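Peer 1: I'd like to ask some things about the structure below.
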Amino acid sequence: MEAIRKQATKLREQVARQQQAVFKQFGGGGYGGSDNVVTDEAELHQHQRLERLYISTRAGKHFQRDIVRGVEGYIVTGSKQVEIGTKLSEDSRKYGSDNTCTSGNTLSKAALSYGRARAQMEKERGNLLKALGTQ
């Protein structure tokens, strides 16, 4: 039993010496001289700046991803709305050209004008969505 205690004591002393050597090699973590403390503080500040940079970069990356997802959703929704608007403009033009025998043709003229204007709006909106899609 005594031999085991002696060996354990030797092992503890060896570990303590190794720890001291590691502390001396790596600046002592603030345990060394005043130069080491200054270096450690500078390293700490540098590490904190790098950490803040990493966090802000990651936040910017997530923000950018959210913007892209939002624009993609807008493009999908807008494309569907363009389809519906184009169909409405075609139907308005068809109604305006087919129903010319009403009194004064006022309604058919209005339907034709609305159909043309709506078609032009949908064309421009489609161009906008294409431009957003290529960004």
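If you want the working numbering, it's the position in the sequence shown, counting the first as 1, plus 13.
Idealized CB from N, CA, C, for every residue including glycine.
Here the structure is a predicted model, which is why all the values come from computation and not from measurement.
By how many angstroms is the C-alpha of T52 removed from the C-alpha of Y44?
Peer 2: By 1-based counting over the sequence shown, the position of residue 44 is 31. By 1-based counting over the sequence shown, the position of residue 52 is 39. Any reading at Y44 needs caution, since the residue's pLDDT is 48, under 50, leaving its predicted position unreliable; the model's value is listed next. Rounded to the nearest angstrom, the two C-alpha atoms are 12 Å apart.
Peer 1: Using the Cα positions of S92 and K74, report the straight-line distance between them to the nearest angstrom.
Peer 2: Translated into positions along the sequence shown, residue 92 becomes position 79. Translated into positions along the sequence shown, residue 74 becomes position 61. Looking at the two C-alpha atoms, the distance is approximately 27 Å.
Peer 1: Under a Cβ-count criterion, where at least 16 other Cβ atoms within 10 Å of its own Cβ denotes burial, should V81 be classed as buried or exposed?
Peer 2: Position 68 of the sequence shown, counted from the first residue, corresponds to residue 81. By the neighbour-count rule (16 or more Cβ atoms within 10 Å), V81 is not buried but exposed.
Peer 1: Quick check: what's the CA-CA separation for S102 versus L120?
Peer 2: Taking the sequence shown and counting its residues from 1, one reaches residue 102 at position 89. Taking the sequence shown and counting its residues from 1, one reaches residue 120 at position 107. Looking at the two C-alpha atoms, the distance is approximately 15 Å.
Peer 1: Using alpha carbons as the reference points, say which of L141, K19, H58 lies closest to E85.
Peer 2: Start at 1 with the first residue of the sequence shown, and residue 85 comes out as number 72. Residue L141 is the option with its Cα nearest to E85.
Peer 1: Grouping DSSP H, G and I as helix and E and B as strand, with all else coil, what is N112?
Peer 2: On the sequence shown, position 99 is the one that residue 112 refers to. In the structure shown, N112 sits in coil (DSSP, three-state: anything other than H, G, I, E or B).
Peer 1: For the alpha helix (DSSP H) containing N140, list its first residue and its last residue.
Peer 2: Position 127 of the sequence shown, counted from the first residue, corresponds to residue 140. Element bounds for N140: 119-147.
Peer 1: Quick check: the Cα distance between H60 and T147, rounded to an integer number of angstroms?
Peer 2: In the sequence shown, the residue the question calls residue 60 occupies position 47. In the sequence shown, the residue the question calls residue 147 occupies position 134. H60 and T147: Cα-Cα distance of roughly 39 Å.
Peer 1: When we look at the beta-carbon of S47 and count the other beta-carbons within 10 Å, is it buried (16 or more) or exposed?
Peer 2: Here residue 47 refers to the residue found at position 34 when the sequence shown is read from its first residue. Annotation note: pLDDT 49 at S47 (below 50); position unreliable, coordinate value reported separately. The residue is exposed, with fewer than 16 neighbouring Cβ atoms inside 10 Å.
Peer 1: Alpha carbon to alpha carbon, how far is Q33 from I17? Give it in angstroms, no decimals.
Peer 2: For this step, residue 17 is matched to residue 4 along the sequence shown. For this step, residue 33 is matched to residue 20 along the sequence shown. The alpha-carbon atoms of I17 and Q33 are separated by roughly 24 Å.
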